[in-house]
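Heads up: the sequence shown at position 375 corresponds to 375 in the UniProt record's numbering, and the numbers run straight through without jumps.
Notes follow once the structure below has been shown.
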Amino acid sequence: MEQLKKNEAFSGPEGPVVLVIMDGVGIGKNPESDYVKIANTPNLDWLREHAVYNEIRAHGVAVGLPDDGDMGNSEVGHNAIGCGRVFEQGAALVGQAIASNSMFEGAVWTELVANVNSKNSALHFIGLFSDGNVHSNINHLEAMLNKAKAEGVKKARIHPLIDGRDVPPTSVLEYVERFDKFLEGINADGSVDYCVASGGGRMNITMDRYDADWSMVDRGWKAHVKAEGRNFASMREAIEVFRGEKPGILDQDLPAFVIERDGAPVGPIVDGDSVIFFNFRGDRSLEITKAFEADEITEFERGPKPDVLYAGMMQYDGDLGVPEKYLVTPPAIDRTMSEYLSNAGVKQFAISETQKFGHVTYFFNGNNSGKFETETWMEIPSDVCPFENAPVMKAVEVTDEVVKAIESGEYKFIRLNYPNGDMVGHTGVVEAVKVAVEAVDAGVGRIMEALKKANGIMVCSADHGNSDDMCELDKKTGELKLDDEGKCKPKTAHSLNPVPAIVYDPAGTSKARKADVPGAGIANLAATCITLLGYEPPADYTPSIVEVG
Ligand SMILES: O=C(O)[C@@H](CO)OP(=O)(O)O
Ligand SMILES: [Mn+2]
Ligand SMILES: [Mn+2]
1 MEQLKKNEAF
11 SGPEGPVVLV
21 IMDGVGIGKN
31 PESDYVKIAN
41 TPNLDWLREH
51 AVYNEIRAHG
61 VAVGLPDDGD
71 MGNSEVGHNA
81 IGCGRVFEQG
91 AALVGQAIAS
101 NSMFEGAVWT
111 ELVANVNSKN
121 SALHFIGLFS
131 DGNVHSNINH
141 LEAMLNKAKA
151 EGVKKARIHP
161 LIDGRDVPPT
171 SVLEYVERFD
181 KFLEGINADG
191 SVDYCVASGG
201 GRMNITMDRY
211 DADWSMVDRG
221 WKAHVKAEGR
231 NFASMREAIE
241 VFRGEKPGIL
251 DQDLPAFVIE
261 RDGAPVGPIV
271 DGDSVIFFNF
281 RGDRSLEITK
291 AFEADEITEF
301 ERGPKPDVLY
311 AGMMQYDGDL
321 GVPEKYLVTP
331 PAIDRTMSEY
341 LSNAGVKQFA
351 ISETQKFGHV
361 TYFFNGNNSG
371 KFETETWMEI
381 PSDVCPFENA
391 PVMKAVEVTD
401 EVVKAIESGE
411 YKFIRLNYPN
421 GDMVGHTGVV
431 EAVKVAVEAV
441 DAGVGRIMEA
451 LKKANGIMVC
461 SADHGNSDDM
471 CELDKKTGEL
481 KLDDEGKCKP
491 KTAHSLNPVP
501 AIVYDPAGTS
511 KARKADVPGA
521 GIANLAATCI
531 TLLGYEPPAD
541 YTPSIVEVG
């Protein structure tokens, strides 16, 4: 790969370039719903007026998703920011692999099906049960079940992970209704036995990430594999009982359930079965994959693992080669900006707290967990608690370390992620979201101060929106949905809004000014950072949103 060329017009600032990713902080459209606006943000307000300010795209095709109705998310967002180009992402690639039949012609699908057909065993599907298109899509699940039936699979067991985080917060029964009908149809001729076996809320079981809380995987393993847990006759009954016991509970937090039939669990995972984890996104797939693949595991009391054929929807980590078997090849994200900067000898520092640590390292580097030579990574341990109770999260500690890194003079490029706007946005607790955004603003203010002293430059942006759009809208009227007290009905998902892209150069050496880049998106941030560091960006990167020199 070619080396970055020095920029003749500007050789970089004296201090570092700091890329601040304010996770889930977009630019809202509805004042009542926009908790970035509602929060008190003196620093972001000042920057909007006085720094180079742009609004850029962070959703849909601008980040490699199938269409502009798809909200952005952290994976595609950090991939785009880190690699400077737009790749077709998991959601699109899996859809294509199904439509073209290539998934079903592949060796892994063939092996999974042959395994259960030869042993008369069960084909299991575990994954996120919605059409959010962030981690998974229920359409993919249904297409695979149809194909399984066509290929003679007699017994399928589905383990739905309930969403409410990429889709409305208490919408699961809509998916249950749809899926019950689907199952009724597929089982109608009596030739197959396909049913739901276990499940639970995605923030309660199975889908932990970045080693934040392995007890989630433990609970998932017990439900899916050992079929241990509270028994119900159906998924619908489980949800209704849980809701009755804890009114107001969000779908994502629902406890685990196990379905029984004639007094016995209907689908434990046992020797000889095949298992497909049908999420295409990696962060929340890696731990459960490890539980199925590793011979020994110390993170929880797994016990002996059943002898099954396990496959993921995609390869989740390109460096580790995990999982061993997967149905669809991920986008070939290469030549990331970290690699270019490393080759140019630019020292880099990446930091976040646990919840987003992998975002600013593994996602940023194109879904690879390996470090380039000049990189230093730092993780601040996240609390394990509901984030609405601690919305400042570790913003202060992350900022402390960033300020130290700026003052040290060690690094030329520093990147960080503040999770608050997103992690607290997902809780739907708007008072806490306001505090979360204010914590991010305070951190940005301290970084600005440090950069003033060091003569560095800040690029401040986001990977997608969330806290800028906290209220559900009525699909038909487009009006805000209000409850009986006139309060808005909280929305927990990401938004479709653009995000800010701010360039702050207190010393003014770069002479940064807006470049004319129609339709710019967050992929343009890589070239922007490289330009501000004093290099010419690679020719095929989407262009910088500022001109310098
Ligand atoms: O929590 C997550 O897994 C997603 C939402 O599904 O959020 P983000 O993309 O911001 O990580
Ligand atoms: Mn995010
Ligand atoms: Mn999020």
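For glycine and all other residues, C-beta sits at the position ideal for the given N, C-alpha and C.
Treat the numbers as computed from the prediction; the structure is a model and nothing was measured.
Burial state of residue i, where buried means 16 or more other Cβ atoms lie within 10 Å
i: His50; result: exposed
i: Asn137; result: buried
i: Thr110; result: exposed
i: Gly199; result: buried
i: Arg48; result: exposed
i: Val440; result: buried
i: Arg302; result: buried
i: Glu8; result: exposed
i: Gly132; result: buried
i: Gly263; result: exposed
i: Ser191; result: exposed
i: Pro419; result: buried
i: Ala238; result: buried
i: Glu184; result: exposed
i: Ser118; result: exposed
i: Asp67; result: exposed
i: Met216; result: buried
i: Ser74; result: buried
i: Asp295; result: exposed
i: Gly164; result: buried
i: Pro324; result: Reading off the sequence shown, one finds Glu at residue 324, where the question assumed Pro. Exposed is the call here.
Local conformation of residue i per DSSP, three classes
i: Asn417; result: strand
i: Tyr35; result: helix
i: His124; result: strand
i: Gln3; result: coil
i: Cys83; result: helix
i: Met378; result: strand
i: Cys471; result: strand
i: Val266; result: coil
i: Ser461; result: strand
i: Tyr175; result: helix
i: His78; result: helix
i: Ile162; result: strand
i: Asn231; result: strand
i: Asn389; result: helix
i: Met207; result: coil
i: Lys514; result: strand
i: Ala493; result: coil
i: Ala507; result: coil
i: Lys404; result: helix
i: Ala223; result: helix
i: Gln355; result: helix
i: Ala450; result: helix
Beta-carbon spacing of residue i, residue j below 8 Å
i: Glu388; j: Ala432; result: yes
i: Ile545; j: Ala526; result: no
i: Gly443; j: Val398; result: yes
i: Phe413; j: Leu533; result: yes
i: Pro306; j: Val266; result: no
i: Val17; j: Val459; result: yes
i: Gly366; j: Asp317; result: no
i: Val113; j: Glu142; result: no
i: Ile158; j: Phe125; result: yes
i: Ser33; j: Leu480; result: yes
i: Ala62; j: Val86; result: yes
i: Glu375; j: Ser338; result: yes
i: Lys6; j: Tyr340; result: no
i: Gly12; j: Asn455; result: no
i: Tyr210; j: Gly321; result: no
i: Asn204; j: Asp253; result: yes
i: His78; j: Val360; result: yes
Cβ separation of residue i and residue j, assumed to be a contact under 8 Å, to the nearest whole Å
i: Gln355; j: Met423; result: 6 Å
i: Val25; j: Asp469; result: Rounded, the Cβ-Cβ distance is 11 Å, inconsistent with contact.
i: Cys465; j: His494; result: The displayed chain sequence assigns Gly, not Cys, to residue 465. The Cβ separation is near 6 Å, so the contact holds.
i: Ala227; j: Val196; result: Not confirmed; about 12 Å, so no contact.
i: Glu353; j: Lys394; result: 4 Å
i: Tyr194; j: Ser130; result: Contact doesn't hold; Cβ gap of about 19 Å is too wide.
i: Ala148; j: Leu123; result: 6 Å
i: Ile457; j: Tyr504; result: 7 Å
i: Phe277; j: Gly312; result: 5 Å
Heavy atom of ligand 4 within 7 Å of residue i beta-carbon
i: His494; result: Ligand 4 is absent from the structure shown, which contains only ligand 1, ligand 2 and ligand 3.
What residues come near ligand 2, if near means a beta carbon less than 6 Å from any of its heavy atoms?
Asp23, Gly24, Ser74, Gly77, Asp422, Asp463 and His464
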